[in-house]
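Asker: Pasting a structure here, questions to come.
Numbering (UniProt numbering), first residue to last: 1 to 400.
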């Protein structure tokens, strides 16, 4: 038995409540008018101070009511209610030669083991021969429909798709809990991205598979184009010392993580070109080779192309971004944009692709729903039986 809300099992401690009430009620005395004792003989004595045998069934029913209520709230599930056999592995392949060739070995092994293999289509077609590949027609338009058609209770889904430019996927695809996604990249598509050179062999670039900014060997990004190189010269042209220290600390944090060498000046040097200038003053005359970060000031009109305008001063007292410690992350994004390090938008990274699939334990959910119906029926029947016995006991005592 499994529970979808196991924390509610603490409610089982409530079983002791009917027991406590039972003993307290038996030891409770009742005040009877002296003149009425002749007519109320059955009321003149206290109830038996032990456990009356005729009340044990009622006590057990009340304890059972608490247990059933807790099981209902914790959404108990019993797997054997919906178990139809062993877990079966089902393979779903995007139609087309490129994906079929990339995973030919996996498909042939699945067929040898007698596992089911289907092509993605409006009505999934069973694959019997890896040599017969249907043309790429619907692509992934019927992916969710195919998954729903071939996966049953306890099925393990192996999905094979191609990750290519312009891939058409819904924002949310529901798959079984036991699910594996295997993708192949179109080798004819040039996925090379720009990189920022730190030294001759190391650079800063976006990883092709994860889509995460990283510092690594430039050989991992073969064929990429250099969009900048270190060291990066920075001028902190702030009048406020607190803001100057805050920005310097953020730059040092970014440098420590990504190994970017910064040369930071607090006073402008003659005949020196800066890559980045941080200032509180509105900049009108800009240099194409310099990025300007203007904080605490609003431009009355159009912001110049080289300027990054920040409405608040970069101080703890005035900037929520600084208070939450997000200034290094924000600068990293500006750095990526400045040197055009982001991955091409027409192809999804491996991490982005996996976020489209939502795993749902449908078998456990259905088992919980089915068992919940039985629990609810048992709770209602037990409650009716408890009420009937309780009323019967009261009537019997009244008219005895």
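All C-beta atoms, glycine included, are put in the ideal place defined by N, C-alpha and C. As the structure is a prediction and not an experimental result, all values here were calculated from the model.
#1: Considering Cα atoms alone, identify which of 60, 61 and 67 is closest to residue 14.
#2: I'd like the span of the beta strand (DSSP E) that includes residue 124, first residue to last.
#3: Mind checking which residues open and close the beta strand (DSSP E) that includes residue 89?
#4: Is there at least one Cβ from chain D nearer than 9 Å to residue 295's Cβ?
#5: Leaving out the 5 sequence neighbours to the left and right, which residues in its chain are closer than 8 Å to residue 284 when beta-carbon positions are compared?
#6: Are there 16 or more other CB atoms within 10 angstroms of the CB of residue 124, so buried, or fewer, so exposed?
#7: Please state whether the Cβ-Cβ distance between residue 162 and residue 99 is less than 9 Å.
#8: Classify residue 292 as buried or exposed, calling it buried when 16 or more other Cβ atoms lie within 10 Å of its own Cβ.
#9: Quick one: complete beta strand (DSSP E) runs, 3+ long, within the segment 172-257?
#10: Under the three-state reduction of DSSP, which class applies to residue 374: helix, strand or coil?
#11: Using a 10 Å radius around the Cβ and a threshold of 16 neighbouring Cβ atoms, would you call residue 359 buried or exposed?
#12: In this structure, how does DSSP classify residue 362 when only helix, strand and coil are distinguished?
#13: In angstroms with no decimal places, state the Cα-to-Cα distance between residue 335 and residue 278.
#14: In terms of residue numbering, what span does the alpha helix (DSSP H) encompassing residue 105 cover?
#15: Kindly identify the DSSP beta-bridge partner or partners of residue 291.
#16: Thinking C-beta only, is residue 228 closer than 9 Å to residue 339?
#17: So what does DSSP say about residue 81, is it helix, strand or coil?
#18: Counting pairs of beta carbons, one from the segment 375-383 and one from the segment 56-73, are three or more of them closer than 8 Å?
#19: Give me the residue from 196, 257, 147 and 206 with the minimum Cα distance to residue 178.
#20: State buried or exposed for residue 323, treating a residue as buried only when at least 16 other CB atoms are found within 10 Å of its CB.
#21: Between which residues of its own chain and residue 389 is the CB-CB distance below 6 Å, once the five residues before and five after are set aside?
#22: Buried or exposed for residue 195, going by 16 or more other Cβ atoms inside 10 Å?
Answerer: This is what the structure gives:
#1: The residue labelled residue 14 in the question sits at position 14 within the chain shown. Ranking the options by Cα distance to residue 14, first place goes to 67.
#2: For this step, residue 124 is matched to residue 124 along the chain shown. From DSSP, residue 124 is part of no beta strand (DSSP E); its letter is neither H nor E.
#3: For the purposes of this step, residue 89 is taken as the residue at position 89 of the chain shown. That run of the beta strand (DSSP E) goes 89-93.
#4: No chain D appears in the structure shown, which is made up of a single protein chain.
#5: By one-based count along the chain shown, residue 284 stands at place 284. Hits under 8 Å: 304.
#6: Numbered from 1 along the chain shown, position 124 holds the residue referred to as residue 124. Classification of residue 124: buried, given that the 10 Å Cβ count is 16 or more.
#7: Taking the chain shown and counting its residues from 1, the one referred to as residue 162 is at position 162. Taking the chain shown and counting its residues from 1, the one referred to as residue 99 is at position 99. In terms of Cβ geometry, residue 162 and residue 99 form a close pair [threshold 9 Å].
#8: Indexing the chain shown from 1 puts residue 292 at position 292. By the 10 Å Cβ count, residue 292 comes out buried.
#9: With a minimum length of 3 residues, the unbroken runs of beta strand (DSSP E) contained wholly in the segment 172-257 fall at 173-176, 179-185, 195-197, 202-206, 213-217, 226-229 and 232-237.
#10: By one-based count along the chain shown, residue 374 stands at place 374. Helix, per DSSP.
#11: Residue 359 sits at position 359 when you count from the first residue of the chain shown. The residue in question, residue 359, is exposed, as its Cβ has fewer than 16 Cβ neighbours within 10 Å.
#12: On the chain shown, residue 362 is found 362 positions in, with the first residue counted as 1. Only weak support is given to the placement of residue 362: the predicted model assigns it a pLDDT of 45, under 50, and the question is left unresolved by the model.
#13: Within the chain shown, numbered from 1, the residue matching residue 335 stands at position 335. Within the chain shown, numbered from 1, the residue matching residue 278 stands at position 278. So the alpha carbons of these two residues sit roughly 13 Å apart.
#14: Position 105 of the chain shown, counted from the start, is the residue given in the question as residue 105. Per DSSP, residue 105 belongs to the alpha helix (DSSP H) from 104-112.
#15: Reading the chain shown from its first residue, position 291 is the one you call residue 291. Residue 291 pairs with 276.
#16: Reading the chain shown from its first residue, position 339 is the one you call residue 339. Reading the chain shown from its first residue, position 228 is the one you call residue 228. Their beta carbons are under 9 Å apart, which means residue 339 touches residue 228 by this criterion.
#17: Start at 1 with the first residue of the chain shown, and residue 81 comes out as number 81. With a pLDDT of 48 at residue 81, under the threshold of 50, the modelled position of that residue is not reliable, and no figure is offered here.
#18: Under the Cβ criterion (8 Å, minimum of three pairs), the segment 375-383 counts as touching the segment 56-73.
#19: In the chain shown, residue 178 corresponds to position 178, counting from 1. Per the Cα distances, 147.
#20: One-based indexing of the chain shown puts residue 323 at position 323. The residue is exposed, with fewer than 16 neighbouring Cβ atoms inside 10 Å.
#21: Working through the chain shown from its first residue, we reach residue 389 at position 389. The beta carbon of residue 389 lies closer than 6 Å to those of 58 in the same chain, with the five residues before and after it left out.
#22: Within the chain shown, numbered from 1, the residue matching residue 195 stands at position 195. Classification of residue 195: buried, given that the 10 Å Cβ count is 16 or more.
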